[in-house]
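The opening residue of the sequence shown carries number 0 in numbering that gives the first Met the number 0; numbering runs sequentially from there. The beta carbon of each residue, even a glycine, is placed where N, CA and C say it ideally should be. None of these values were measured; they are calculated from a predicted model. Single-structure report; data block below.
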Amino acid sequence: MTAFRILFRSAPKCLSTLSGLALLAALAAGPVSATETTTCELTFEAADWSTQYRAARGAGIVRCADGRSLPVRVSIKGGDRALRISAGAASFSGVRDPRDVIGAYAADGHDAGPHRSMRKGGVQLRVTATGEWWQQGGRPDSLVIAAR
C-alpha cells in the first residue's frame, strides 16, 4: 500500500514534467508547414492578342524556393500601345503553395522604377520585363495567372 501512495503522489509531478517536455518539443518543431510561406518566381513571355483591348497572352512557369513548380498561362492588360513582353519575370511573396499564385492581380499603385507592384489577397507580386513595350514605359494594369 505504501508503494501505491508513493507512485500516486509522484504521478502529478511526473505528468507535468512529461507535458512540459511535450510542449517544448512542439515549440522546437516550429510552425506547421501549412502556415509557412515561401517566395516564388515566375518567368514568362507574352505577345499581343488584341490591340483594341491592349492585351497580351503568354505562358510561363512558377518556381518556388521550396522546389515546387507550376506551369502557367499569363494574360496581361494595360498600357496605351501594343504589348510584347520578352523575358518577363515576377516574384511572389506570401505564398503557401504554388497554386496560391493562380488568380487575378491588380496594380496597387506602389511602383518603383522598372517594376510594377500588384496584389491578390495576401499574395504580393512584383513584375519586371524586357521588350519594346516595357522599355517604353508600359506597365500592366492587371495580370491573370492560370494553371496550364
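Asked: Do Arg72 and Ala58 come within 8 Å of each other at the CB atom, strictly closer than that value?; Found: yes
Asked: Check Arg138 in the structure and name its three-state DSSP category.; Found: coil
Asked: Which ranges would you report for the beta strand (DSSP E) in the segment 67-95 if only whole runs of at least 3 residues count?; Found: 68-76 and 83-94
Asked: Looking only at its own chain, which residues have a Cβ that is under 6 Å from the Cβ of Ile75, when we skip the five neighbours before and after it?; Found: Ala45, Ala55, Pro139 and Leu142
Asked: Am I right that Ala88 and Glu40 are in contact with their C-beta atoms under 8 Å? What's the rounded C-beta distance?; Found: 7 Å
Asked: Could you check which residue in Phe43, Ala64, Ala145 and Thr127 has the C-alpha nearest to that of Arg95?; Found: Ala64
Asked: Leaving out five residues on either side along the sequence, give the residues of the same chain with a beta carbon under 7 Å from the beta carbon of Arg147.; Found: Ala58, Pro70, Val71 and Arg72
Asked: Give the single residue among Arg98, Ser116 and Thr42 whose Cα lies nearest to the Cα of Arg67.; Found: Arg98
Asked: I want to check one thing, is the minimum distance from the CB of Gly121 to the heavy atoms of the ligand ATP below 7 Å?; Found: In the structure shown, the ligand ATP is absent, as is every other ligand, since no ligand is present at all.
Asked: Taking 7 Å as the limit between beta carbons, can you name the residues of its chain near Arg115, skipping five residues before and five after?; Found: Ala106, Val126, Arg138 and Pro139
Asked: DSSP three-state label for Ala145, please.; Found: strand
Asked: Determine the contact status of Phe91 and Gln123, defining contact as a CB-CB distance below 8 Å.; Found: yes
Asked: Leaving out the 5 sequence neighbours to the left and right, which residues in its chain are closer than 8 Å to Thr37 when beta-carbon positions are compared?; Found: Cys63, Ala64, Asp65, Val94 and Arg95
Asked: Can you give the Cα-Cα distance for Ala145 and Ile101, rounded to whole angstroms?; Found: 5 Å
Asked: To the nearest angstrom, how far is it from the Cα of Tyr104 to the Cα of Gly121?; Found: 11 Å
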